[in-house]
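For the sequence shown, position 679 matches number 679 in the UniProt record's numbering, and the numbering has no gaps at all. Even for Gly, the Cβ is constructed at its ideal location relative to N, Cα and C. Presented below is the structure to which this report refers.
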Amino acid sequence: MVMQKHYDITRQRIDRFLPGGYWGDQNLSHQYYTHRALNSPWVILEKYSVPDLKRIPFHEAVKGRFLSSHRNVSIGPTWSTHWFKVYIRIPSDWDGLFVGINWVFHGESLVYTREGEPIYSMSADGGRDLFHLTDSCTPNQTFFFYIECACNQLNGINGIEPPNPNNYYEIQQADLLVIDRNVYKLHHNFEILRQLSNDIPRDSNRADKAMFAANKIMNVWDKFNYNTIFECIKISEDFLKLKNGQGQMELTCIGNCHIDTAWLWPYAETRRKVCRSWVAQLAHMDTYPDYHFTASQAQQFEWLLDNYPSTFDKMRQRVKDGRFHPVGGTWVEMDTNVPSGESLCKQFLYGQRFFNRHLKFKSEVFWLPDTFGYAAQLPQIVRKCGMKYFFTQKLSWNNINQFPHTTFHWEALDGSKILSHMAPSNTYVAQVHVLDLRRSVEGHKDRPYSNQALLLFGFGDGGGGPSPDMLERYDRLKDIDGLPKLKMTGPDEFYRSLDKDSDKLVTWKGELYFELHRGTYTNHGDVKRGNRLSEVLLHNLEVASSYAYYAMNNSYRVPQTELNRMWKMTLCNQFHDVLPGTCIELAYQEVFEYYNEIDQLGNRLLDDALRNIFYSNTKINPETETLTDLGVLNTLSWTRNEIIKVPLNKFKRGQDLNFDQISHDGKVGYKAAVDLKPFTPTVLKLTDHPQLDEKMSEKKASYGGESVSVSIDSTTNIFFLENSFIKAKFSDRGQLISLYDKRVNRELIPEGAVAHQLQLFEDIPLNWDAWDVEVYHLEKFKNFTDATVNILEMGPVVASLEIRYNLTLGSSAVIVVSLSSLSPRLDFHAKVDWRENRRFLKVEFTFDIRNDHAHYETQWGNIKRPNHYNTSWDMAKFEVCGHRFCDLSEYGYGVAIVNDLKYGYACLDNKIRLSLLRSSKGPDGNSDMKVHEFQYGIYPHPNRFLASDAMQIAHEFSTPSVYLPISHQPNFNRSPLFQLRGDSNVFLETVKRSEDLDENLIVRLYEAYGGHARVRLMSPLPVSSIKEVNILEEDITTEEMGATYSDDDLEWEAQGFVQLEFKPFEIKTLRLSMRLNKLKNPTLTEKLTSCFENICL
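Pasting the structure below:
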């Protein structure tokens, strides 16, 4: 019979040949399973329900009380765990058959042997609901195993809405099945024909031929004549054996499962997801000898090692075999907008060291498929971690402009480049469908330059990975006429091949800004707070512990184990759904447990380090001594002035202390500290000096001899804050109506405008509640003009106003505006009780400054962005991420908005908005519903940004000097651990013990403003040698990293310094080797200190 020319009808006919359901008794699915056995005596179930939503290990579960259970049992609620004992007996009339258990459960299941070995996982949502028992059964054969069932779906509970805590799940099937292998083969062959006829262009000859072959199979097949199966298989194989030509595009297919470390589930569940996902892939490798799988995130590998060591050993063997590919080199797939520069370095340091230690492997590929934007300095960091390549696909989600490249070079601010590739299928969870292959060809934007691309396949986000059906499709599609050629290998091999012809590719310079998910810079402000405070605390602890160990003559040891633990927790919390604020509420319970531990442990260790710095006798009991002074350590690399604020409850009640000022509530003492040298312990006397010591008086005189003042004009109700630098005027509505720079005689606020204007925007995005803020939100907002203002503090070193707002019926704010005698920076301390629904709180500043761009801090430098909407690319950046400042400057003058805990900015024309709080309702229905405290400030500066000290001031604002109340220490004298002399645009950011040797000290510096620089790094320490190393603290070569120096270029001079040169935005990591036997020699140390002080003078 000739096929009639009714293409659409024929295609619809073909679609009905495989599925079950209504037509199932009349198509191929009718023959798929030849035998079925259920319930006793063939399948016997016993169940133990773990109480209190606990997740317990195997050895505890098997001790539980198992009760008789059955197929169709309902288990729950959400997040609960239930263990099943499964007893199997093969029916006596089954012999030589392929048998499995069909476990249909829409939660997640892990199969264990009797001995507790995980061997397979199942999830009906993840394409795995059959556990293979035997290829050839024998009558009455028995099996016994355990199944752990988690009552949570593969990809969350209720999508991106808050999860229902009372979901129950049914074991829908627990049946023994026999699969007909011939029907199985025909099923997968036919599925390829069906996809080819539907999913490649209709005018393609191969689509027509596929439809013809599929239609012919349906005409030949006879459910009453089993032998027709073989004829149908031959028809399909004749079609599939036609191979590809030489010019076709080549797709490297790699299995993956992209497990979100937390998202719609907590860390505790991810620990199990890792094993469930990877144990299934290890099993698939036994069945499919060409199969390759890749996984990232060293944190997840560590969880597998800690919780499932036997599975880790199996995985390690497959790594040795070259089929299981660790990738990425970072601790987690982190957000790259919010973490600090040092955090990004630590992600690679901890990730690559774990892979190298446990798997003898280091990745060449930075792997970040699902993060919401990519910081401008990442290519330099990647190169300086010994890596050359980058993978993502997220930019394909842009909602305004389409990113123009698939394969390209990405260039950092310093000029470092990495070869980058984005999967042209625009997904990391492809299913190896014909449509995936077609999209990979059509979506490849650089085909003239490159004929290769990646196709990542497997269920992902919630884990799972490739299913057997995907691997069957791969086997049939890997070399078939009309489609790209497929091969399987690892990520490193793909990129090395891609690199061979990469000289023709274009270059993208600077940040990869993601035109979506802009709300993540602000959402869950409490998480951003925990992150920034943890980063600052760990920075301070590394500096203080390094000083205590390397510069003091005592038995102190750097608490490296504790530092590693705290850094790992901080890095884990930087995962790209945790830190952006897009997880469920349950996930954040663990997140804040991490932050609380970091806070308590870190501050205890910091106090210990400071005690070893400020006390000659560290055995003094702090409970009995009289505290009379303040030990202060400036952990930044330049001299600074600041007001040290000390809670008075740290001292004995009634103690007579000469603080320069006491806070309005009598709880905090203010101490003006001037000329705090970098990395230098200083003692401030609190008991035996006049209110302002001689040094302070000298410093005030150099400022013009004025203290800070506050006043009110009773006729106009205008409030004034003034010091020797600036004069600020506030209306009785809390608006800043004048800011006058007395140094240059300049008014900063345009006539008729106001600064410090609180604004409330409607914040209803199109799709992703916690993630997105859309451009139209700028069209609908309210200015808050109703506030009460009162004078709070009168000086002499701090004067302040209190502004109270009733924002809405449910929300309120108290903002304290303060000005110190030491600085032109005007500070705002906000305490906001926030109870809103999809509203966005911002503060707007308007200045009399004109420019077409603004500068923002980014990791290891700064970035310039437009503050106009000339093009769609400009408009797309209506909300951007910055760290500690945004600066708007013109020739000769500028103003920086600095802050301690916020990251979202919007700059348009002469207005800067700082994003403060959002109130999304999904997936965390209570996101940010609490009291928040944060600070921001206005820093006016003579000179344009590039010639200013705005970056230094922003660092000081978020990183106060650390202090310790101490008893009197006679003849206290400490030298700086390090000092920089020369150009001021180089910052010494990191001082830490080497990861491997006590004798080695690591310092990391960078050029911050974007220019060349020469500096002298000075130290009194007994340095025997100095060497530039990579971020992993390993030896490097100039060719490898593009480093400025080779081994012979750096020499530590006998006088205690080394000369360094920097290119714009360059990061340098240096390893200083110490003579520890001399380091701990008191006499020698005193001589070195004296010598160093003479050099400094």
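Fill in: Distance between ARG838 and ILE764 (C-alpha atoms, nearest Å)
6 Å
Item to complete: Please determine if the segment 365-379 and the segment 318-338 are in contact, where contact requires at least 3 C-beta pairs separated by less than 8 Å.
Response: yes
Worksheet item: Which full runs of the alpha helix (DSSP H) of 4+ residues lie inside the segment 162-249, going along the chain?
Response: 181-199, 205-220 and 228-240
Worksheet item: When the Cα of ASN649 is compared with those of ASP656, THR635 and LYS667, which residue comes out closest?
Response: LYS667
Worksheet item: Does DSSP classify MET387 as helix, strand or coil?
Response: coil
Item to complete: Measure from the alpha carbon of ASP313 to the alpha carbon of each residue in LYS346, TRP278 and ASN337, then state which is nearest.
Response: TRP278
Fill in: Candidates GLU1007, LEU344 and GLN935: closest to GLY328 by CA position
LEU344
Worksheet item: In terms of residues, what are the limits of the beta strand (DSSP E) holding ILE88?
Response: 81-89
Fill in: C-alpha distance - ASP52 paired with PHE144, whole-angstrom precision
27 Å
Practice prompt. Would you mind stating whether SER738 and ALA753 have Cβ atoms separated by less than 8 Å?
Written response: no
Fill in: Reference LYS360; option with closest CA among GLY322, GLN380 and THR635
GLY322
Fill in: Cβ pair count under 8 Å reaching 3, the segment 172-185 against the segment 26-34
yes
Practice prompt. Note down, in chain order, each residue of its chain lying with its Cβ closer than 7 Å to the Cβ of ARG743, except the 5 sequence neighbours on either side.
Written response: PHE725 and PRO942
Worksheet entry | Cut-off 8 Å between Cβ atoms - residues of its own chain near MET1074, not counting five sequence neighbours on either side | TYR550, GLU999, ASN1000, LEU1001, LEU1021, PRO1022, VAL1023 and SER1024
Worksheet entry | Under 8 Å between C-beta atoms of VAL99 and VAL178 | yes
Item to complete: For the alpha helix (DSSP H) containing THR270, list its first residue and its last residue.
Response: 267-287
Practice prompt. Out of PHE457, GLU1034 and ASN783, state which residue places its alpha-carbon closest to the alpha-carbon of LEU349.
Written response: GLU1034
Item to complete: Let me know if ILE400 comes out buried or exposed under the rule of 16 or more other beta-carbons within 10 Å of its beta-carbon.
Response: exposed
Practice prompt. For GLN141, collect the residues of the same chain with a Cβ closer than 6 Å to its Cβ; drop the 5 residues on either side in sequence, then sort them by chain order.
Written response: ILE90
Fill in: Reference ARG825, options ILE791, GLY861, VAL895 and TRP834, closest by Cα
VAL895
Worksheet item: Which whole-angstrom value is the C-beta distance of LEU242 and ASP481, which I expect to be below 8 Å?
Response: 4 Å
Fill in: Stretch pair the segment 897-910 + the segment 838-852: three plus CB contacts closer than 8 Å
yes
Worksheet item: How long is the line joining the alpha carbons of HIS258 and THR682, rounded to whole angstroms?
Response: 50 Å
Practice prompt. Mind reading off the beta-carbon distance from LEU633 to ILE613? Whole number of angstroms is fine, and I expect it under 8 Å.
Written response: 7 Å
Discussion item. Mapping the DSSP letters down to three states, classify CYS891 as helix, strand or coil.
Written reply: The sequence as given places Tyr at residue 891; Cys does not occur at that position. Correct three-state label for TYR891: coil.
Item to complete: List the DSSP bridge partners of ASP1035.
Response: VAL1029
Discussion item. Once the 5 residues before and after ARG865 are set aside, which same chain residues still bring their CB inside 7 Å of it?
Written reply: HIS853, ALA854, TYR856, LYS877 and VAL880
Worksheet item: Taking three-plus beta-carbon pairs below 8 Å as touching, is the segment 453-460 in contact with the segment 424-438?
Response: yes
Item to complete: Identify, in the order they occur along the chain, each residue of the same chain with its Cβ nearer than 7 Å to the Cβ of SER440, setting aside the five sequence neighbours on each side.
Response: LEU251, PRO424, SER425, ALA453, LEU455 and PRO484
Discussion item. Buried or exposed for VAL962, going by 16 or more other Cβ atoms inside 10 Å?
Written reply: buried
Discussion item. What does the Cβ neighbour count give for LEU67, buried or exposed, with the cut at 16 atoms within 10 Å?
Written reply: exposed
Worksheet item: CA-CA distance, PRO162 and ASN189?
Response: 41 Å
Worksheet entry | Backbone CA spacing between ASP129 and TYR169 [nearest angstrom] | 15 Å
Item to complete: Compare the beta carbon distance of THR582 and PRO923 with 8 Å and say whether it is the shorter of the two.
Response: yes
Worksheet item: For ASP501, is the classification buried or exposed, using 16 other Cβ atoms within 10 angstroms of its Cβ as the cut-off for buried?
Response: exposed
Discussion item. Would GLN352 pass as an interface residue toward chain B - the criterion being a Cβ-Cβ separation below 8 Å?
Written reply: The structure shown contains no chain B; it is built from a single protein chain.
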